[in-house]
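Numbering (the numbering used here), first residue to last: 4 to 592.
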Ligand code: F6R
């Protein structure tokens, strides 16, 4: 969370910093700021709110600068807590969390130093000032050694006007060389025009001075390989769509098609196949939407391969001293590949002897460094904070893996069953405008419930998460059979309940729950591939899905639910791409 950027070179820094921050805004957007160096001093411009509030900062003079877009952790979103933070000769931007900032702050205050913000980050500037005796890199190393937690840092020192210093631990940081100078950024799109890009690894430092970039590890200067060249096309544009979320939903068919595993062509398949043959037990660790794709995968894997699967929220797994029996395969699922909890869970599982396969959408992300094997979803960059196409892509890949595992275990599983999914998703998408008419029904509700059984429960959970995160309506996903054990008490006249029903064998059971809701005045929207239930008297409205292999149906049934969330968010006057309090990449605990 938080996006950072830095530039040093021939051009004015401020416009470049602001342009880069706009491309990093998905990482946080509650305040923003830049600092440049001009005529022996720093100029700092910060504002509460989005990067667009920095308009006035474009005129800041100077060829070297740093910038930040914030997702608040310590200290309220305010101008005072916005980055950059300055102390003494130093000014810096920080992404991450300094867990021991309170004792460090006390130590600095004990020396009589005064703090200007409530953030954990400001303490870094104080430590730099304390440790600097003319060698900024040495001061940065000493400072880093005092910090517990995570950081990606871009630092300027008044004594070296054109030099940027960078450091990384557990928060992503890219360094780039362009035609006009050198850059630091949290993510590639911010500096996609650079001709050479380098990924900074944990424990590494960089010093940028105009065109000259040097990298350092603990032991001294190091050489680094460049990442593959990034084309301009990697800078996402909304095109004809009103929002990234809508655009990304329309990219679902391609995301599914590209993410279905073609094991014949996958160069690491033979190695993975050996792992699959030896797998006795699978633990899926993930957060949020990725956790929901894990639940869908559990259904498919257990049904097809008869291998037991547990799905655990990564933040719970990492603190529970998990049991890792021989033959454990851990699937760490993360769109961004940077989610701190998922990384920590995968690291723990690996240290206990599990084989770790990362399922991620981002090449070169942190999770690719620590996993034994990596399987890439090929959804393309996802910008909207609410995940859509990446979820469908995860399902496509995990379903393919279920088929591969079943075959490795000598079970019958036909990969051909997966082939129709892209075209079917296209059909579903074509109907999603219906949700425009459903959205007004939710507008004034106190709460919305999503129910489903078996594989449908996963779609219910994901539909509910989408709705709450971008419409801000309280919403819950429930196993349909569990409703009567408590939550039904909350259903009264007009309460919207979305029921997902695609599992033929469970249809009557789910319809019982639908009838119980309707009998209490609840208004049921039924999302189903079974047309016979659309006209059921307990159903208020329905959305008919095309028939598909039942086990894989969440990949389709979630699409109208994503659309429902989108249109409800719009109807409530929200920005669906940038929900309040959230950010795309959760690199803090
Ligand atoms: C919800 C959403 C989040 C993410 C979660 C994990 O729409 O996007 O719940 O799914 O923060 O992120 P990744 O997959 O990047 O690890």
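Don't be surprised by glycine CBs; every beta carbon is placed ideally from N, CA and C.
Residue i versus residue j - alpha carbon distance
i, j, result
"residue 2", "residue 381", "Residue 2 is absent from the structure shown; the chain starts at 4 and stops at 592."
"residue 234", "residue 195", "Unreliable positioning characterises residue 234 in this predicted model, as indicated by a pLDDT of 47, which lies under 50. The coordinate reading is nonetheless provided below. In a straight line, the C-alpha of residue 234 is about 7 angstroms away from that of residue 195."
"residue 145", "residue 177", "22 angstroms"
"residue 465", "residue 414", "30 angstroms"
"residue 65", "residue 100", "29 angstroms"
"residue 589", "residue 472", "15 angstroms"
"residue 236", "residue 385", "Residue placement at residue 236 is flagged as unreliable, the pLDDT there being 44, under the threshold of 50; the coordinate-derived value follows with that caveat. Cα to Cα, the separation comes out at about 13 angstroms."
"residue 63", "residue 12", "15 angstroms"
"residue 1", "residue 447", "Look at the range of the chain in this structure, 4 to 592, and you will see that residue 1 is not part of it."
"residue 548", "residue 422", "17 angstroms"
"residue 557", "residue 459", "6 angstroms"
"residue 400", "residue 500", "30 angstroms"
"residue 408", "residue 280", "7 angstroms"
"residue 311", "residue 330", "11 angstroms"
"residue 28", "residue 277", "42 angstroms"
"residue 584", "residue 74", "7 angstroms"
"residue 158", "residue 116", "19 angstroms"
"residue 367", "residue 426", "30 angstroms"
"residue 293", "residue 336", "6 angstroms"
"residue 154", "residue 433", "44 angstroms"
"residue 216", "residue 347", "31 angstroms"
"residue 137", "residue 72", "30 angstroms"
"residue 587", "residue 579", "13 angstroms"
"residue 483", "residue 295", "16 angstroms"
"residue 555", "residue 394", "13 angstroms"
"residue 439", "residue 570", "6 angstroms"
Which listed residue (the options) has its alpha carbon closest to that of residue i
i, options, result
"residue 359", "378, 334, 150 and 383", "334"
"residue 50", "221, 569, 81 and 291", "81"
"residue 577", "436, 198 and 248", "248"
"residue 597", "28, 21 and 580", "For the chain, the structure presents residues 4 to 592; residue 597 sits outside this window and is missing."
"residue 44", "30, 54 and 67", "67"
"residue 97", "182, 448 and 123", "123"
"residue 54", "25, 63, 40 and 47", "25"
"residue 516", "454, 477 and 480", "454"
"residue 175", "211, 371, 127 and 318", "371"
"residue 48", "440, 399, 28 and 85", "85"
"residue 498", "509, 476 and 506", "476"
"residue 321", "33, 287 and 304", "287"
"residue 449", "261, 525, 282 and 242", "525"
"residue 531", "522, 520, 540 and 545", "545"
"residue 92", "109, 160, 165 and 538", "160"
"residue 491", "513, 508 and 520", "520"
"residue 254", "456, 213 and 390", "390"
"residue 8", "108, 59 and 185", "185"
"residue 353", "332, 341 and 342", "332"
Strand pairing of residue i, partner residues [DSSP]
i, result
"residue 153", "100"
"residue 159", "94"
"residue 304", "For residue 304, which the question treats as bridged, DSSP gives no partner whatsoever."
"residue 499", "526"
"residue 38", "47 and 69"
"residue 224", "219"
"residue 482", "455"
"residue 173", "154"
"residue 360", "334 and 376"
"residue 8", "70 and 188"
"residue 545", "529"
"residue 181", "184"
"residue 199", "180"
"residue 386", "According to DSSP, which records beta bridges pairwise, residue 386 is partnered with nothing at all."
"residue 212", "166 and 215"
Distance CB(residue i)-CB(residue j) smaller than 8 angstroms
i, j, result
"residue 568", "residue 461", "no"
"residue 143", "residue 168", "yes"
"residue 345", "residue 290", "yes"
"residue 190", "residue 36", "no"
"residue 376", "residue 364", "no"
"residue 140", "residue 90", "no"
"residue 258", "residue 383", "yes"
"residue 95", "residue 127", "yes"
"residue 170", "residue 193", "no"
"residue 314", "residue 355", "no"
"residue 40", "residue 239", "no"
"residue 559", "residue 474", "no"
Contact with chain B by residue i, beta-carbon distance below 8 angstroms
i, result
"residue 287", "Absence of chain B from the displayed structure is noted, only one protein chain being present."
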